[in-house]
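Here's the structure, in structure tokens; my notes come after.
Number of protein chains: 2
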Amino acid sequence: MVVTTRRRPGLGTNQELARRHNLGTVLRHVHGAGQISRAELTGRMGLNRSTIAALVNELEALGITERALPAEGIPRQGAGRPSAGVRIAEDGPFVIAVDLGVDRAVVARIGLGGRVLQRSQAPVRSDGEAWQVGAAVAGLIRCVVEGVPDAAQLVGIGISVPGLVRNSDGLIRLAPNLEWHDVSFGGIVLAALGLDVPVSIANDADLGALAEHVRGVAVGVDDLIYVSGNVGVGAGVIAGGVRLEGAGGYAGEVGHLRFNPAGRECHCGNRGCWETEVGAHAIAEAIHCPSDKVAQLDEVLAGFGEPSPAVRATGTALGHGLADIVNVFNPRQVVLGGYFRSLYALVGPEVEAALADRALPAPLESVTLTLPGLGSDSSLLGAAEIALEPLFVDPVAALGTALVGVGTRLAG
Amino acid sequence: MVVTTRRRPGLGTNQELARRHNLGTVLRHVHGAGQISRAELTGRMGLNRSTIAALVNELEALGITERALPAEGIPRQGAGRPSAGVRIAEDGPFVIAVDLGVDRAVVARIGLGGRVLQRSQAPVRSDGEAWQVGAAVAGLIRCVVEGVPDAAQLVGIGISVPGLVRNSDGLIRLAPNLEWHDVSFGGIVLAALGLDVPVSIANDADLGALAEHVRGVAVGVDDLIYVSGNVGVGAGVIAGGVRLEGAGGYAGEVGHLRFNPAGRECHCGNRGCWETEVGAHAIAEAIHCPSDKVAQLDEVLAGFGEPSPAVRATGTALGHGLADIVNVFNPRQVVLGGYFRSLYALVGPEVEAALADRALPAPLESVTLTLPGLGSDSSLLGAAEIALEPLFVDPVAALGTALVGVGTRLAG
DNA sequence: CGCCGTTCCGTGACGCGGACAACAAATTCT
DNA sequence: AGAATTTGTTGTCCGCGTCACGGAACGGCG
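First to last, the protein sequences are chains A and B.
Reminder that position 233 of the first sequence reads as 233 in the working numbering, one-by-one numbering, no gaps.
Reminder that position 109 of the second sequence reads as 521 in the working numbering, one-by-one numbering, no gaps.
See the structure below:
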């Protein structure tokens with residue numbers, strides 16, 4: 001796993017800061033690999049054995065990691081004393097991840113290492129008020145923390161939302177499919193739970209990109225784009241190993257790229273946005289899918305056999321739009337999420353051909369088009385990642401704000 | 413000045429690394445401010461006074477900075493002993509910046525702090541072979557290092573090129589207006605000089621963005637886009653305080669965004685790229701400018717009085733394209749460079765109106781449209797910045813690869 | 001004009017984190 | 001089974017940043 005951390009600009013490096021960074025980086029490696037040997041850690045981090053040992057001991061003292069048998073996992077290569085492993089502790093810290101979809105909400109309890117410990121979901125009415133959805137999500141959360149050992153610490157809650165989220169405070173500026181404007185969903189959920197823990201909220205495509213980068217198909221790829229077809233079309237961008245957020249957190253809104261000025265009207269007020277050609281409603285129309293099944297477009301497309309000319313044309317439109325994205329961002333990998341997964345399975349060649357036709361040679365030659373490695377869980381796991389993030393920046397501080405005994409607290 | 417530095421992924425922070433980072437950061441502050449007091453440094457970097465003192469002493473011992481009188485500069489506010497200043501040393505390290513335009517090359521000797529010490533330029537034939545241009549640039553460089561004190565050290569050469577530059581090795585993949593393909597211009601210049609110093613090459617729009625971010629109109633703005641109209645149209649992106657490069661270094665190629673599928677053919681092979689509407693040739697045609705003056709379009713436009721309807725339409729097309737850019741990148745500032753400067757001066761209201769019409773409300777509300785603060789020198793100063801960059805990462809190492817006595821060496 | 005408060009510089013003592021060396025332990029290769 | 005190799009552990013040292021103290025320069029005030 002490679003997530004480049006970014007420094008605040010002009011600040012110097014205090015040696016205490018350096019230590020916190022090192023502690024967090026060790027944890028990041030354990031998180032990424034699930035289990036890792038101390039020898040591997042010394043190699044990857046470029047620090048001395050004894051330094052690594054001290055850091056690992058501190059993590060163990062904090063109850064985050066535990067010793068593992070050396071032989072476990074890889075069979076071993078070469079001679080020498082086998083290195084003792086470091087792995088995530090049972091009953092270690094965990095987060096709650098929420099994936100708010102257009103027609104259902106998924107909630108999971110996820111531990112370090114990305115392990116889904118418990119999981120629950122429920123349908124959500126797309127015309128529901130925010131507080132109703134919040135109450136439903138709170139119910140799922142209560143369900144998911146049932147029976148959690150009291151020692152385990154809740155680090156935070158991460159929420160994936162199909163809409164524009166302001167990064168400064170997590171306000172949902174606009175979620176078209178939920179018909180929400182300026183909703184402080186984090187506060188609503190916390191109020192419904194009666195808790196106070198850190199809440200991180202972000203756009204679903206951004207989180208999909210993050211998850212695919214950390215544990216999906218794009219591990220080791222520092223420049224990737226996750227293009228997600230939900231009802232709307234959005235993209236999440238990882239550039240140089242870091243999430244591209246933009247000034248307000250709205251970067252990656254590719255759905256309203258100018259595609260065909262003579263096209264049909266878009267709900268944004270313009271004409272011929274890309275979304276009017278490859279959005280769910282446009283595709284549903286092209287395949288004569290009833291409008292109440294638009295939210296399940298992925299399943300509908302997955303049931304298709306031979307693609308009709310209309311579907312082929314949609315694939316071409318997808319590829320042409322991707323060409324713009326490839327030209328502008330020059331990613332190494334483009335991951336197609338949401339219903340684009342089954343669309344690509346149907347008309348992959350058309351998409352590739354259209355992309356190759358319109359993209360510039362230089363950015364085209366290094367890009368690959370792939371499906372997500374995490375299936376439909378990308379956004380959920382991405383929500384877990386942003387909730388875990390404070391732990392990698394400063395484990396001690398993050399555990400300081402964490403909550404213990406959440407199971408009994410929410411039950412009683 | 414704020415340039416966020418990025419860490420390599422999983423590496424731990426050696427305490428030697430921390431010290432180098434701190435030393436470089438001090439220098440970065442001095443570079444940004446020109447002159448700065450030690451007290452200011454302690455405040456900005458959050459380190460102890462004595463730590464700052466040690467770092468400043470080391471920079472002085474290296475001959476990079478020197479003590480300045482306290483009273484100089486700001487009149488002082490509040491009582492107390494005035495803080496001794498730190499400023500860039502005379503005869504300190506310098507770089508050579510090259511701005512390769514479509515019809516002329518500008519070469520400057522630039523010191524730390526962004527001071528242009530010497531400067532020279534010459535016309536360049538747009539159909540020239542790369543080695544001819546390289547020889548001309550080498551001549552300008554010889555001219556610019558004339559009379560340099562032997563003690564001053566040449567840190568590197570930075571080159572700005574109107575084209576696609578591969579970031580891994582600085583190869584110019586494509587420079588349409590120079591008709592270059594896969595040219596290793598850095599090597600050509602070094603060979604013509606008979607020197608061996610670090611050479612950094614990058615796209616002119618990228619460097620314009622960097623320069624405006626460091627010392628231009630976008631100081632303190634971490635998310636900005638410099639949209640440059642030269643003969644082609646390109647953009648440089650700073651996101652989160654860091655240059656957005658993309659996998660190969662080609663990010664920001666906005667000239668070939670799909671604009672009007674029914675439009676005219678573009679030299680890239682597609683139809684209706686944005687460049688066919690707001691590129692130099694399109695504008696020249698709209699204002700009936702003779703084709704041999706296309707390279708001087710900026711001056712031609714600056715001489716205009718009342719804009720004609722055709723020019724107004726061009727402004728609208730510019731604004732519509734900028735809307736796509738604002739939606740996708742969500743910048744806080746968009747800087748219009750090249751001939752877009754005089755175009756904006758003519759039809760600013762049309763550009764703003766078209767942008768407001770097509771951009772999404774959320775990203776629109778935080779963006780401002782401005783002209784460059786460095787005029788036509790943005791790219792040149794950006795070239796100096798990338799050449800200076802190693803000095804801020806590790807001053808000691810950068811001075812190790814620097815050259816002394818360049819003046820006599822190139823003269824003899 | 002002289003005193004005082006303020007702010008800053010310089011120096012030395014201290015604490016801490018990381019590197020290094022030496023030794024013990026565990027496993028593979030021959 | 002012994003040699004070789006690699007790792008974990010411990011103790012020591014060194015470098016770096018912080019803290020505390022004294023001295024210095026300046027403005028304000030009487």
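Note that beta-carbon positions come from the ideal geometry of N, C-alpha and C, so glycine has one too.
Keep in mind the model is a prediction, meaning the values are calculated, not measured.
Could you tell me which residues DSSP puts in a beta bridge with A:H181? A:L174
Give me, in chain order, the residues of the same chain whose beta-carbon lies closer than 6 Å to that of A:L369; leave out the 5 immediate sequence neighbours on both sides. V334
Quick one, are the C-beta atoms of B:S580 and B:L619 less than 7 Å apart? no
Given a threshold of 16 other Cβ atoms within 10 Å of its Cβ, counted over all protein chains shown, does A:R332 qualify as buried or as exposed? buried
Identity of the residue in A:A54, A:R81, A:G139, A:Q132 nearest A:I96 by Cα: A:G139
Considering only heavy atoms of the ligand NAP, does any lie closer than 6 Å to the CB of B:A674? No copy of the ligand NAP appears in this structure; indeed no ligand is present at all.
Rounding to the nearest angstrom, what Cα-Cα distance links B:N682 and A:R358 in this structure? 7 Å
Considering only their Cβ atoms, is the gap separating A:V199 from A:I157 smaller than 7 Å? yes
Indicate whether B:D511 and B:A564 have their beta-carbon atoms separated by less than 7 Å. no
Classify B:E677 as helix, strand or coil using the three-state DSSP reduction. strand
Between which two residues does the beta strand (DSSP E) carrying B:E478 extend? 477-480
C-beta atoms of B:S790 and B:E624 nearer than 7 Å: yes
A:I141 - containing alpha helix (DSSP H), residue span: 130-144
Here's the rule: buried if 16 or more other CB atoms are within 10 angstroms of the residue's CB, otherwise exposed. What is B:E762? buried
Kindly confirm or deny that the stretch 176-193 of chain A and the stretch 125-139 of chain A touch, where touching means at least three C-beta pairs closer than 8 Å. yes
Provide the residue(s) that pair with B:V577 in DSSP beta bridges, ordered along the chain. B:I584
For B:I500, report the span of its beta strand (DSSP E) as first-last. 497-500
For B:R670, I'd like the list of residues in its chain whose CB is within less than 6 Å of its CB, leaving aside the five on either flank, ordered along the chain. none
Along the stretch 740-769 of chain B, where does the CB come closer than 9 Å to a CB of chain A? Name the residues. V740, F741, N742, P743, R744, Q745, D769
Thinking C-alpha only, which one of A:V197, A:W180, A:L178 is nearest A:G187? A:V197
Is there a Cβ of chain A sitting closer than 7 Å to that of B:G658, yes or no? yes
DSSP on A:N203, reduced to helix/strand/coil? strand
Classification of A:T314 by the beta-carbon crowding that lies within 10 angstroms, buried from 16 upward: buried
DSSP bridge partner residues for A:V107 (one or two, in chain order): A:V98, A:S120
So, A:A18 versus B:A430, is the Cβ gap smaller than 7 Å? yes
B:L815 versus B:A473 - alpha carbon distance: 18 Å
Do you know whose CA, among B:P802, B:N739, B:L786, lies nearest B:S778's CA? B:N739
B:Y638 - containing beta strand (DSSP E), residue span: 636-641
Is the Cβ of A:G73 closer than 7 Å to any Cβ of chain B? Because A:G73 sits at a pLDDT of 48, beneath the cut-off of 50, its placement in the model cannot be relied upon, and the point is left open.
Give the secondary structure of B:L453 by DSSP, where H, G and I count as helix, E and B as strand, and everything else as coil. helix
Quick one: residues in its chain with C-beta nearer than 6 Å to the C-beta of B:R578, no 5 flanking neighbours on either side, listed in chain order? R585, G660, G661
Could you give the DSSP three-state label for B:V746: helix, strand or coil? strand
Considering only the beta carbon of each residue, do B:A520 and B:R531 sit closer than 7 Å? yes
Quick check on A:G261 - is its C-beta less than 7 Å from some C-beta in chain B? Correcting the residue identity first, residue 261 of chain A is Pro in this sequence and not Gly. True, the Cβ-Cβ gap to chain B drops below 7 Å.
Check the Cβ-Cβ distances between B:D511 and every residue of chain A, and say whether any is below 7 Å. no
Which bits of chain A does B:C680 rub up against, with CB to CB less than 7 Å? L360
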